[in-house]
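Student: Taking the working numbering, the leading residue of the sequence shown gets 51, the next gets one more, and so forth.
For each residue, glycine too, the CB sits at the ideal point set by N, CA and C.
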Amino acid sequence: MAQVTIHIPPRSYQARIENGLLARAGTLLADVVPHASKIFVVTVPPVRRRWGTKLLRSLHSAGFKPQIIQMPDGERAKNLKTIETLAERLVRLGADRKAVFIAFGGGVVGDVTGLLASLYMRGVEFVQIPTTILAQLDASIGGKTGVNLATGKNLLGTFYHPRTVLIDPELLSTLTNRAFRAGLYEALKCGIIGDLDLFLRFETNRGQILKRDPVEIEGIIAQSVKLKAEVVSADEHEGGLRRVLNLGHTIGHALEAETGYKTLLHGEAVAWGLIAATNIALTVGRTDSVTAGRIADAVLGLGRLPEIKVNPRKILARLQADKKTQGGVVHFVLPREIGKVEIAADVPDNVIINAVEELRRLSRGGWGK
Ligand SMILES: NC(=O)c1ccc[n+]([C@@H]2O[C@H](COP(=O)([O-])OP(=O)(O)OC[C@H]3O[C@@H](n4cnc5c(N)ncnc54)[C@H](O)[C@@H]3O)[C@@H](O)[C@H]2O)c1
Ligand SMILES: [Zn+2]
């Protein structure tokens with residue numbers, strides 16, 4: 051089992067990554083939260099249907115008497131109303147300050163349950179058991195919780211860390227190919243930011259990765275979690291270093307918003323964002339053409355991506371209005387070499403526009419390559 055420590059003074063915690071871990075969740079939690087008065091598993095119907103029985107069996111055999119509470123599935127349920135409804139039900143079910151919540155689902159369940167745990171009776175403990183690849187290698191690590199407002203994504207939230215994160219890559223076997231692949235771009239991002247070895251896995255073992263070879267996938271998730279844990283441990287509240295995790299997300303977020311969150315999965319938007327950031331880095335002389343080519347090949351080599359038809363000027367306008375804009379300047383994380391990035395605040399508008407034009411050209415016909 052791979053174990054990664056997230057160092058957040060005064061209390062650090064472990065993320066554990068292992069195929070088949072779900073069956074041992076009960077035993078592991080008996081060590082981590084032995085004092086839990088009651089355990090509440092927060093989940094969504096698709097996850098409960100596929101994996102609920104296995105988790106409940108494991109918790110029961112460790113002596114817990116878990117109760118499941120379900121929330122509606124999907125990003126649209128990531129709002130304050132859901133938090134309120136869940137909290138009311140928890141009160142009626144007798145959840146007290148010593149209750150422990152388990153977030154059992156994708157990033158939506160994790161973000162909602164984390165926020166709920168931070169608010170419920172001024173804070174109860176919670177545990178993450180992420181079930182999508184995006185949640186396993188990204189959303190469950192780092193302690194950001196949140197819900198959306200009608201005016202924008204993730205605008206209400208807290209920093210609140212789980213007691214532990216249990217990651218079982220076997221749960222990914224029930225994901226669609228598209229959702230699985232979308233998560234891989236986040237792992238690739240981690241490699242470009244700070245882990246050459248992780249990046250090399252994509253160059254040399256692409257076939258195995260796409261076939262979901264269990265050893266490969268466990269390794270990729272463990273290395274991504276390690277990278278994110280290192281960054282978060284050094285900069286919990288995004289003072290500076292943590293911003294490197296936004297590689298590919300500046301343009302990625304703008305693409306998602308401009309297409310109404312309908313045509314691109316988050317990871318697919320990040321894939322295009324990685325290519326755009328790389329093109330920008332090349333144009334402004336921050337990286338060389340060999341590095342840029344390797345990144346583009348690694349991204350496009352994972353297969354087909356949805357076509358980009360947006361108006362580049364509209365993307366630029368969104369960037370300028372984005373919350374990451376500081377003092378009217380758009381900050382970009384740019385790759386320098388594989389495993390090294392830097393932050394640039396001086397990217398000219400026409401370079402950004404050209405980078406988006408290039409995405410339109412590359413993606414024409416709906417094929418990345
Ligand atoms: N807190 C953070 O640091 C952070 C980081 C990245 C993303 N996020 C958030 O994460 C959310 C996206 O997460 P997501 O992509 O996991 O979306 P999601 O939670 O909506 O899950 C996607 C879909 O997969 C289904 N699903 C979950 N596990 C499954 C399984 N094992 N098999 C089959 N289907 C399964 C879900 O029911 C859902 O329909 C966004 O709201 C985003 O803002 C948070
Ligand atoms: Zn992301």
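#1: Less than 9 Å between the beta carbons of Ser108 and Gly157, yes or no?
#2: Can you name, in chain order, every residue of its own chain whose Cβ lies under 6 Å from the Cβ of Gly150, other than the five neighbours on each side?
#3: In terms of residues, what are the limits of the beta strand (DSSP E) holding Gly155?
#4: Is His316 near ligand 4, with its Cβ less than 8 Å from a heavy atom?
#5: Work out the CA separation of Ala326 and Leu412 for me, nearest whole Å.
#6: Measure the Cβ-Cβ separation of Leu366 and Ile330 and say whether it is below 9 Å.
#7: In whole angstroms, give me the CA-to-CA distance for Val177 and His303.
#8: Return the CA-CA distance between Gly244 and Glu138, expressed in angstroms with no decimal places.
#9: Just tell me which of Arg414, Asp338, Leu350 has its CA closest to the CA of Leu384.
#10: What does DSSP give as the partner residues of Ile402 in its beta bridges?
#11: Span of the alpha helix (DSSP H) holding Ile270?
#12: Taking only heavy atoms of ligand 1 into account, decide whether any of them is closer than 8 Å to the Cβ of Ile191.
#13: In whole angstroms, what is the alpha-carbon distance linking Gly343 and Ala371?
#14: Just to check, is the beta-carbon of Ala237 closer than 8 Å to a non-hydrogen atom of ligand 1?
#15: Please name the residue or residues paired with Arg344 in a DSSP beta bridge.
#16: Over the uninterrupted alpha helix (DSSP H) stretch that includes Tyr63, give me the two end residues.
#17: Hey, out of Leu314, Thr163, Arg368, whose CA is closest to Ile358's CA?
#18: Just to confirm the assignment: which complete beta strand (DSSP E) runs, minimum length 3, are found wholly within the region 136 to 202?
#19: Can you tell which of Leu221, Ile119, Gly76 has the C-alpha that lies nearest to the C-alpha of Gly70?
Tutor: Concretely, from the data shown:
#1: For the purposes of this step, residue 108 is identified with residue 58 of the sequence shown, where counting begins at 1. For the purposes of this step, residue 157 is identified with residue 107 of the sequence shown, where counting begins at 1. Not in contact: Ser108 and Gly157 (Cβ atoms no closer than 9 Å).
#2: Counted from its first residue, the sequence shown places residue 150 at position 100. The identity of residue 150 in the sequence shown is Val, whereas the question assumes Gly. Around Val150: Val83, Ala86, Ile89, Glu175.
#3: Against the sequence shown, residue 155 aligns to sequence position 105. Taken as a continuous stretch (DSSP letters only), the beta strand (DSSP E) holding Gly155 covers 150 to 155.
#4: Annotation note on ligand 4: not contained in the displayed structure, which lists ligand 1 and ligand 2 as its ligands.
#5: What you label residue 412 is simply residue 362 of the sequence shown in a count that begins at 1. What you label residue 326 is simply residue 276 of the sequence shown in a count that begins at 1. Their backbone Cα atoms lie some 11 Å apart in a straight line.
#6: By one-based count along the sequence shown, residue 366 stands at place 316. By one-based count along the sequence shown, residue 330 stands at place 280. No, the Cβ-Cβ distance between Leu366 and Ile330 is not below 9 Å.
#7: The residue labelled residue 177 in the question sits at position 127 within the sequence shown. The residue labelled residue 303 in the question sits at position 253 within the sequence shown. About 28 Å.
#8: For the purposes of this step, residue 244 is taken as residue 194 along the sequence shown, with counting starting at 1. For the purposes of this step, residue 138 is taken as residue 88 along the sequence shown, with counting starting at 1. Taking the straight line joining both Cα atoms gives about 43 Å.
#9: Along the sequence shown, one-based indexing puts residue 384 at 334. Nearest option by C-alpha distance: Asp338.
#10: Taking the sequence shown and counting its residues from 1, the one referred to as residue 402 is at position 352. According to DSSP, Ile402 bridges with nothing at all.
#11: Here residue 270 is taken as the residue at index 220 of the sequence shown, counted from 1. 264 to 284 is the span of the alpha helix (DSSP H), which, as asked, contains Ile270.
#12: For this step, residue 191 is matched to residue 141 along the sequence shown. Checking every heavy atom of ligand 1 against the Cβ of Ile191, one is found closer than 8 Å.
#13: Taking the first residue of the sequence shown as position 1, residue 343 is located at position 293. Taking the first residue of the sequence shown as position 1, residue 371 is located at position 321. Approximately 31 Å between the Cα atoms of the pair.
#14: As a first step, residue 237 must be located in the sequence shown, where it is residue number 187. Answer for Ala237: no, Cβ out of range of ligand 1.
#15: In the sequence shown, residue 344 corresponds to position 294, counting from 1. Beta-bridge pairing links Arg344 to no other residue.
#16: On the sequence shown, position 13 is the one that residue 63 refers to. Unbroken run through Tyr63 is the beta strand (DSSP E), 63 to 67; no alpha helix (DSSP H).
#17: Indexing the sequence shown from 1 puts residue 358 at position 308. Ranking Leu314, Thr163, Arg368 by Cα distance to Ile358 puts Leu314 first.
#18: 150 to 155, 175 to 180, 197 to 199
#19: By one-based count along the sequence shown, residue 70 stands at place 20. Selected option, being the one with the closest Cα: Leu221.
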